[in-house]
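Visitor:
There are 2 protein chains.
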Amino acid sequence: MSARILPRLTFAFAVALACGLAHAKVVTKSIAYEQGGTKLEGYLVYDDAKSGPRPGVLVIHEWWGLNDYVKNRTKQLAEMGYVAFAADMYGDHKVTRDPKQAQEWSSAIENGGLMASRSKAGLDVLKQQAQTDKSKLAAIGFCFGGSTVLQLAYSGEPLAATVTFHGGLMPPKEDQLSQIKTPILILHGAEDGFIKPETIDQVRTSLDKAKVDWYMVTYANAVHAFSNPDADSFKIPGIGYNEKAARRSWAEMQDFFKEKFAGK
Amino acid sequence: MSARILPRLTFAFAVALACGLAHAKVVTKSIAYEQGGTKLEGYLVYDDAKSGPRPGVLVIHEWWGLNDYVKNRTKQLAEMGYVAFAADMYGDHKVTRDPKQAQEWSSAIENGGLMASRSKAGLDVLKQQAQTDKSKLAAIGFCFGGSTVLQLAYSGEPLAATVTFHGGLMPPKEDQLSQIKTPILILHGAEDGFIKPETIDQVRTSLDKAKVDWYMVTYANAVHAFSNPDADSFKIPGIGYNEKAARRSWAEMQDFFKEKFAGK
């Protein structure tokens, strides 16, 4: 028997044993909460077979509302070992496939100055969970959700990591610069027509002024909503799925989390 | 004994056994070769305790020449399990710390149209090694080396992956567009004053036209040579080390290799 086979057999046996005895047991829960008088219902997911507190990730949905896409992403985070909470930015189980309706609901939040406060209410729910290690919190968002987590970051929330997936980008306000306390990862489609190059420059300049630890990844060919396998089904010009960008951006977030949750 | 301890003990034992029996044994070799009548000497590194062919990585040095920085990076690649070859772009053991000398040597190569052919000679050496899986080849470069691997890519070399670390960027020529056969990862310092924003736009437009699989990472605060811990010692404005960018870019390359060497 070669010198290499014995450790491999032993390892294989150990893995088989471990798998047999310790399955992941992902549980999902609806959590009712409120913000500013609006009743909300978010979606909590964690691995119940895992013991002890673990990093928490707040997940903010696209403008369509708290739909299956964001629920699936939340489940994926739980499978990675995090406790994840998909916050509800709208209330009343509002979910749509109609872009006019989505535009109305998301604009009400954005123009109403509610992005930071409503997402923070979701963060508070996450913090209250027994599974959550409150010293290791991150926020991610997709599209409208990406803009939302930026606003949460600009409001001064001291997160370990903030990640925007093809979010609408905007710079912080001048009086917010000194209060930004979170590293920011911007994942951006090179062909995202919803964001002007000048806006990107403004964001970069402001984040530099605020001394934020940021970096940005630009994916060739990717447009708005590139991370969502369902994006093409909406048949909206400039909105579409990009498999490479989706895969790479999700991996990028994982690398960022590993770095930030380890305190680097 | 809890259900979790037995698999952990077995795993730990297996790991201990495996480590005791299979140390990495990184070997380095100088390899003499030539290109266009110029004698060259490159630096080959691989793990001799590993059996069988493995992906090969060509490494192109900064304008300083084949110095310790690039040798260390080449060793790191070997420790990851690749066979890595630091090519010699100058010959005569030319290494310097004098930017005027470095400028002279690198310009002679760039203006002499030798970037692609001289780096290709290094790639040929890599291909000749018994350790090299010729179906899995990548090229990486730093600064001048980054420009060089772009030229190698533009010349039509069918690499699995091409990675430029704070390389001088330039778009391919019109008549090269149809021949580019490699995915390209551009790792760029947000404050790299040696590269104009317009040039980046030209590169993006041309790579899109050529249907190249590319993406770009932009690191806040990082300037030219950000990956080199020795960069500050040269005391040249606009050239300096950035620990976060160095760490993240090296990890990004590893992710790209994992993807591309797996054929995704």
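For the protein sequence lines, the chains are A and B, in the order given. Be aware that the first sequence starts at 1, since it is given in our numbering, and climbs by one per residue. Be aware that the second sequence starts at 265, since it is given in our numbering, and climbs by one per residue. From the three backbone atoms N, C-alpha and C, an ideal C-beta is built for every residue, glycine too.
Kindly list the residues whose CB is nearer than 8 angstroms to the CB of A/T199, restricted to its own chain and excluding five residues on each side of it in sequence; keep chain order.
Guide: Around A/T199: L169, M170 and P171.
Visitor: Please identify, using Cβ separations under 8 angstroms, the residues of the stretch 201 to 222 of chain A that lie next to chain B, in order along the chain.
Guide: R204, L207, D208, V212, D213, W214, Y215, M216, V217, T218, Y219, A220 and N221
Visitor: Give the straight-line distance between the Cα atoms of B/P501 and B/R361, rounded to the nearest whole angstrom.
Guide: 15 angstroms
Visitor: Which partner residues does B/M480 have in the DSSP bridge list?
Guide: A/T218 and B/I450
Visitor: Should A/V57 be labelled buried (16 or more other beta-carbon atoms within 10 Å of its own) or exposed?
Guide: buried
Visitor: For A/Q35, count the other beta carbons within 10 Å of its own beta carbon; 16 or more makes it buried, fewer makes it exposed. Which is it?
Guide: buried
Visitor: List the residues that DSSP assigns as beta-bridge partners of B/S513.
Guide: Answer is none; B/S513 lacks a bridge partner.
Visitor: How is B/L285 classed by DSSP in three states: helix, strand or coil?
Guide: Low local confidence applies: a pLDDT of 49 at B/L285 is under 50, so the model's placement there is unreliable, with the coordinate-based value given in what follows. Looking at B/L285 - three-state DSSP - the assignment turns out to be helix.
Visitor: In the DSSP output, which residue or residues are listed as bridge partners for A/K39?
Guide: A/E34
Visitor: Can you tell me which of A/D255, A/R54 and A/T28 puts its alpha carbon nearest to the alpha carbon of A/N72?
Guide: A/T28
Visitor: State the start and end residues of the unbroken alpha helix (DSSP H) segment that holds A/T205.
Guide: P197 to K209
Visitor: List the endpoints of the continuous beta strand (DSSP E) containing A/A225.
Guide: No beta strand (DSSP E) contains A/A225, which DSSP labels as neither H nor E.
Visitor: Which complete beta strand (DSSP E) runs does the stretch 310 to 341 of chain B hold, if anything under 3 residues is left out?
Guide: 318 to 324
Visitor: Please state whether the Cβ-Cβ distance between B/G405 and B/V359 is less than 8 angstroms.
Guide: Taking 8 angstroms as the Cβ cut-off, B/G405 and B/V359 do not qualify as a contacting pair.
Visitor: Please report the Cβ distance between B/Y479 and A/Y219, rounded to the nearest whole angstrom; I am assuming they are in contact, meaning their Cβ atoms lie under 8 angstroms.
Guide: 5 angstroms
Visitor: Looking at A/I180: is its Cβ nearer than 8 angstroms to the Cβ of A/V212?
Guide: yes
Visitor: Starting from the Cα of A/N67, find the closest Cα among A/W250, A/D92 and A/K120 and give me that residue.
Guide: A/D92
Visitor: So for B/D397, helix, strand or coil by DSSP?
Guide: strand
Visitor: Just to confirm the assignment: which complete beta strand (DSSP E) runs, minimum length 3, are found wholly within the stretch 417 to 451 of chain B?
Guide: DSSP runs (the beta strand (DSSP E)) wholly in the stretch 417 to 451 of chain B: 425 to 429.
Visitor: Measure the beta-carbon distance from A/A161 to A/L185 and round it to whole angstroms, keeping in mind my assumption that it falls under 8 angstroms.
Guide: 7 angstroms
Visitor: Residues in the same chain with beta-carbon distance under 6 angstroms from B/V427, minus the five sequence neighbours each way, listed in chain order, please.
Guide: Within the same chain, B/V427 has close Cβ partners I404, L449 and M517.
Visitor: Note down, in chain order, each residue of its chain lying with its Cβ closer than 8 angstroms to the Cβ of B/A313, except the 5 sequence neighbours on either side.
Guide: Cβ neighbours of B/A313 beyond the five flanking positions: A286, H287, A288 and K289.
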